[in-house]
Amino acid sequence: MPNVGRSVAIVAAAIALVFIAFPIDVDAHAALDRSDPAARAIVSQPPSEIRLLFTEPLESTYTGADLLTSAGEIVPGTSVSISPANARELIVVPPADLGDGGYTVAWRTLSAADGHTLQGYFGFRTGAGAVGETSFSASVTSGNETARAVTRWFALLGLAGLLAIAPVTLVVLDPARRAVPALNRTMPVSLRRYSVAAA
Numbered sequence: 119m120p121n122v123g124r125s126v127a128i129v130a131a132a133i134a135l136v137f138i139a140f141p142i143d144v145d146a147h148a149a150l151d152r153s154d155p156a157a158r159a160i161v162s163q164p165p166s167e168i169r170l171l172f173t174e175p176l177e178s179t180y181t182g183a184d185l186l187t188s189a190g191e192i193v194p195g196t197s198v199s200i201s202p203a204n205a206r207e208l209i210v211v212p213p214a215d216l217g218d219g220g221y222t223v224a225w226r227t228l229s230a231a232d233g234h235t236l237q238g239y240f241g242f243r244t245g246a247g248a249v250g251e252t253s254f255s256a257s258v259t260s261g262n263e264t265a266r267a268v269t270r271w272f273a274l275l276g277l278a279g280l281l282a283i284a285p286v287t288l289v290v291l292d293p294a295r296r297a298v299p300a301l302n303r304t305m306p307v308s309l310r311r312y313s314v315a316a317a
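Residue 295 in the working numbering sits at position 177 of the sequence shown, with consecutive numbering throughout.
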């Protein structure tokens, strides 16, 4: 029984390690918390800067944004940087001659906390005569869905393998290990008896 209990403990520990190494679900991302102008906002004048606040610190090597016109063209002369005062804030500075109209901010982030990527967009409209509600919407997609799916399958396969090994360990290997010491103890006696009989 001690061997059986030890085997069960080993299998349980191995299963725990699989889920630690290959987490099934990951909720932590550098997601957009809010922006100024806000999504679908209508402002009377073109903004001098657009601020995007995210839920986690940003990694500068991948994080960025594009300012697009209503025709889907990138607005030239736009600069993008992570705020030196707040690692969770991305600052988009349009050119000084930005005109009235509809604009979309397409952003992408890499979380400095967990290394996961997200991308999304939101729109706003500028102009003194703009009325009603802008037709631009907001959207977010995860850049690591494929990696998450692969991780999930590896974890499930690992768990299936451990569950398949457990019965073999308990039913076959443990009895075999218990039998080996007895065989070792009887082997010299058997050899002596064989030697005497041969003589």
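Glycine included, every Cβ here is placed at the ideal spot set by N, Cα and C.
Straight-line Cα distance separating residue j from residue i
| i | j | result |
| --- | --- | --- |
| residue 183 | residue 162 | 23 Å |
| residue 212 | residue 227 | 19 Å |
| residue 176 | residue 198 | 13 Å |
| residue 229 | residue 202 | 16 Å |
| residue 245 | residue 206 | 29 Å |
| residue 159 | residue 208 | 18 Å |
| residue 234 | residue 225 | 14 Å |
| residue 149 | residue 236 | 7 Å |
| residue 216 | residue 174 | 30 Å |
| residue 204 | residue 210 | 14 Å |
| residue 243 | residue 221 | 6 Å |
| residue 151 | residue 231 | 16 Å |
| residue 196 | residue 214 | 9 Å |
Cut-off 8 Å between Cβ atoms - residues of its own chain near residue i, not counting five sequence neighbours on either side
| i | result |
| --- | --- |
| residue 153 | 168, 169, 170, 171, 223, 240 |
| residue 178 | 200 |
| residue 219 | 187, 188, 243, 244, 245 |
| residue 192 | 184, 185, 186 |
Status (buried if at least 16 other CB within 10 Å, exposed otherwise) for residue i
| i | result |
| --- | --- |
| residue 200 | buried |
| residue 238 | buried |
| residue 340 | For the chain, the structure presents residues 119 to 317; residue 340 sits outside this window and is missing. |
| residue 157 | buried |
| residue 194 | exposed |
Contacting residues, own chain, Cβ-Cβ under 6 Å from residue i (five flanking each side not counted)
| i | result |
| --- | --- |
| residue 164 | 216, 244 |
| residue 190 | none |
Proximal residues to residue i (C-beta, below 7 Å), its chain only, five neighbours per side dropped
| i | result |
| --- | --- |
| residue 155 | 161, 165, 168, 242 |
What residue ranges within the stretch 173-225 form continuous beta strand (DSSP E) runs of no fewer than 3 residues, ordered along the chain? 182-187, 197-200, 207-211
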